[in-house]
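Notes for the one structure printed next.
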Amino acid sequence: MRTKQELTEDIRRERRAALVVNARSRRGRQLYADAHARLLAAGFELLGSYAVDRPGELEKSLTAALAHHPDLLVAGGGDGTISTAGRMLAHRDVALGLLPLGTTNNFARTVGILPDLDEAIATLVDGRVIDVDLGVAGDMSFTNHVGAGLSAEIMINVPGRLKRVIGRIAYPLTALGLLTRHRPLRVTVRADGRELVLTTHQVYVANGGFHAGRPITADAHADDRLLVAYPVGGASKWELVRETARNALTGHRRTLRDQPFLAVGELWLETDRPAHVEVDGEPCGATPLRVAVDPNALRIMAPPGTPDH
1 MRTKQELTED IRRERRAALV VNARSRRGRQ LYADAHARLL AAGFELLGSY AVDRPGELEK
61 SLTAALAHHP DLLVAGGGDG TISTAGRMLA HRDVALGLLP LGTTNNFART VGILPDLDEA
121 IATLVDGRVI DVDLGVAGDM SFTNHVGAGL SAEIMINVPG RLKRVIGRIA YPLTALGLLT
181 RHRPLRVTVR ADGRELVLTT HQVYVANGGF HAGRPITADA HADDRLLVAY PVGGASKWEL
241 VRETARNALT GHRRTLRDQP FLAVGELWLE TDRPAHVEVD GEPCGATPLR VAVDPNALRI
301 MAPPGTPDH
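Residue 164 in full-length UniProt numbering sits at position 164 of the sequence shown; the count goes up by one each step and never skips.
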């Protein structure tokens with residue numbers, strides 16, 4: 001395994017890359033050809049290039065891309081695509097390059113890459129390799145978050161076509177339809193010898209620093225060896241709506257020491273009835289669930305000056 005500095009130097013010198021873009025993501029179809037052309041113009045040798053436009057083909061395309069043994073695997077799409085790529089690149093001597101082409105792009109924002117193709121390409125050209133933590137939910141690695149409760153119901157039920165047409169607004173519209181009949185959960189979080197019991201419609205466990213395109217707190221990020229567990233509101237539906245709005249508006253002013261955050265390296269999540277779970281926007285089983293940190297598991301290409309612990 002090369003050091004991060006050695007891998008950075010090899011990427012800059014050899015420019016050996018592979019490209020995989022989820023062409024079913026909101027912006028993927030329009031931007032695949034553009035990204036391909038810009039990478040070639042930047043001097044990259046594309047050992048393999050894949051536009052994924054069918055369900056179930058993403059992992060197959062990522063496997064094919066890795067078979068070329070690139071130094072840099074560039075993945076374009078939303079958080080689900082990036083999470084899948086991150087899971088497959090965990091503990092490999094390959095750096096993940098991010099093209100944030102999705103709806104919220106939470107992981108890319110966490111590492112300082114905004115949803116702008118020019119900026120993302122510049123990071124691949126001028127950035128450096130850092131390593132960040134992954135979370136592990138059950139036996140599935142993830143980049144950004146686990147959600148239990150209403151968010152998983154939304155991911156299961158949100159119409160894909162609506163998401164592609166109107167973007168992130170598709171989520172609250174779907175939520176409003178589901179909320180009228182959703183029952184709160186009694187949630188037990190066990191960590192570090194502590195037990196936290198609460199009643200809520202929604203609980204998250206975050207590895208990264210962003211959710212729904214907004215900061216979770218001012219000091220949460222993907223390289224701190226911590227998971228951040230927090231409910232969104234209490235038993236009433238009004239609390240859920242109020243706290244969702246509050247989190248979006250005030251996340252950048254809150255810290256991990258504030259309520260209702262619990263920052264730990266490992267936890268057990270249980271509910272009074274089996275609750276659907278989503279991992280980075282993709283449905284993934286149900287509670288009960290163990291969630292833990294896999295420290296420095298993923299190498300990524302990040303902008304110059306990005307902290308690396």
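Just so you know, even glycine gets a beta-carbon here, dropped at the ideal spot from N, CA and C.
By how many angstroms is the C-alpha of residue j removed from the C-alpha of residue i?
i: Arg299; j: Val74; result: 12 angstroms
i: Gly77; j: Arg194; result: 38 angstroms
i: Ala297; j: Arg109; result: 18 angstroms
i: Thr104; j: Glu6; result: 32 angstroms
i: Thr123; j: Gly149; result: 36 angstroms
i: Val264; j: Leu226; result: 5 angstroms
i: Ile154; j: Gly138; result: 21 angstroms
i: Leu40; j: Leu19; result: 11 angstroms
i: Gly112; j: Gly160; result: 27 angstroms
i: Thr255; j: Ala292; result: 21 angstroms
i: Leu185; j: Gly102; result: 30 angstroms
i: His68; j: Gly48; result: 7 angstroms
i: residue 311; j: Gly43; result: In this structure the chain extends from 1 to 309, so residue 311 is not present and cannot be described.
i: Gly192; j: Arg214; result: As written in the sequence, residue 192 is Asp, which differs from the Gly given in the question. One C-alpha to the other measures close to 28 angstroms.
i: Thr81; j: Ser61; result: 11 angstroms
Looking at C-alpha atoms only, which residue of the options is the closest neighbour of residue i?
i: residue 327; options: Arg15, Ala218, Glu266; result: Missing from the structure shown is residue 327; the chain here goes from 1 to 309 and no further.
i: Arg183; options: Arg273, Asp280, Pro100, Ala35; result: Arg273
i: Asn22; options: Asp116, Arg13, Ala35, Thr188; result: Ala35
i: residue 323; options: Leu196, Pro307, Val279; result: Given that the chain is displayed from residue 1 to residue 309, the structure contains no residue 323 and the question cannot be resolved.
i: Val158; options: Thr174, Ala152, Ile169; result: Thr174
i: Gly251; options: Leu62, Leu99, Leu96, Ile216; result: Ile216
i: Ser151; options: Leu72, Leu31, His276, Arg254; result: His276
i: Asp294; options: Leu249, Gly234, Gly208, Val94; result: Gly208
i: Trp238; options: Thr180, Leu66, Ile156; result: Thr180
i: Glu282; options: Ile156, Leu249, Tyr171; result: Ile156
i: Pro260; options: Tyr230, Arg253, Ser236, Asp71; result: Tyr230
i: Leu99; options: Arg2, His91, Val125; result: Val125
i: Arg13; options: Ile169, Leu249, Asp71; result: Asp71
i: Leu262; options: Leu31, Leu196, Cys284, Leu249; result: Leu196
i: Val228; options: Arg253, Asp258, Ala33; result: Asp258
For residue i, collect the residues of the same chain with a Cβ closer than 8 angstroms to its Cβ; drop the 5 residues on either side in sequence, then sort them by chain order.
i: Val232; result: Thr200, His201, Gln202, Val203, Tyr204, Leu240, Glu243, Thr244, Asn247
i: Asp223; result: Ile130, Asp131, Val132, Asp133, Asn296, Pro307, Asp308, His309
i: Glu59; result: Thr84, Met88
i: Pro304; result: Asp126, Gly127, Arg128
i: Ala90; result: Leu134, Ser141, Asp294, Ala297, Leu298
Along the beta strand (DSSP E) that carries residue i, what are the first and last residues, could you check?
i: Asp294; result: 289 to 302
i: Phe142; result: 140 to 142
i: Val189; result: 185 to 191
i: Pro100; result: 95 to 100
i: His69; result: Where His69 is concerned, there is no enclosing beta strand (DSSP E), given that its DSSP letter is neither H nor E.
i: Pro231; result: 227 to 231
The alpha helix (DSSP H) with residue i in it runs from where to where?
i: Gly86; result: 79 to 89
i: Gln155; result: It should be noted that the sequence gives Met, not Gln, for residue 155. Looking at the DSSP string, the run of the alpha helix (DSSP H) that includes Met155 is 150 to 157.
i: Asp126; result: 117 to 126
i: Val111; result: Premise fails: Val111 is in no alpha helix (DSSP H) and is neither H nor E.
i: Arg242; result: 237 to 250
i: Arg12; result: 4 to 14
i: Ala64; result: 58 to 66
Which residues in the same chain have their Cβ closer than 6 angstroms to the Cβ of residue i, if we skip the five residues on either side of it in sequence?
i: Glu45; result: Arg15, Arg16
i: Arg29; result: Ala23
i: Asp118; result: none
i: Gly97; result: Leu72, Val74, Leu124, Met301
Near residue i, what residues of its chain come up, given a Cβ to Cβ distance below 7 angstroms and the 5 sequence neighbours on each side ignored?
i: Arg190; result: Leu267, Trp268
i: Gly234; result: Thr199, Thr200
Exercise. Quick one: any contact between the region 80 to 88 and the region 133 to 148, if contact means 3 or more CB pairs under 8 angstroms?
Worked result: yes
Exercise. So, do the region 253 to 268 and the region 276 to 294 have three or more beta carbon pairs nearer to each other than 8 angstroms?
Worked result: yes
Exercise. Is it a yes or a no for the region 46 to 60 touching the region 122 to 130, going by three-plus beta-carbon pairs under 8 angstroms?
Worked result: no
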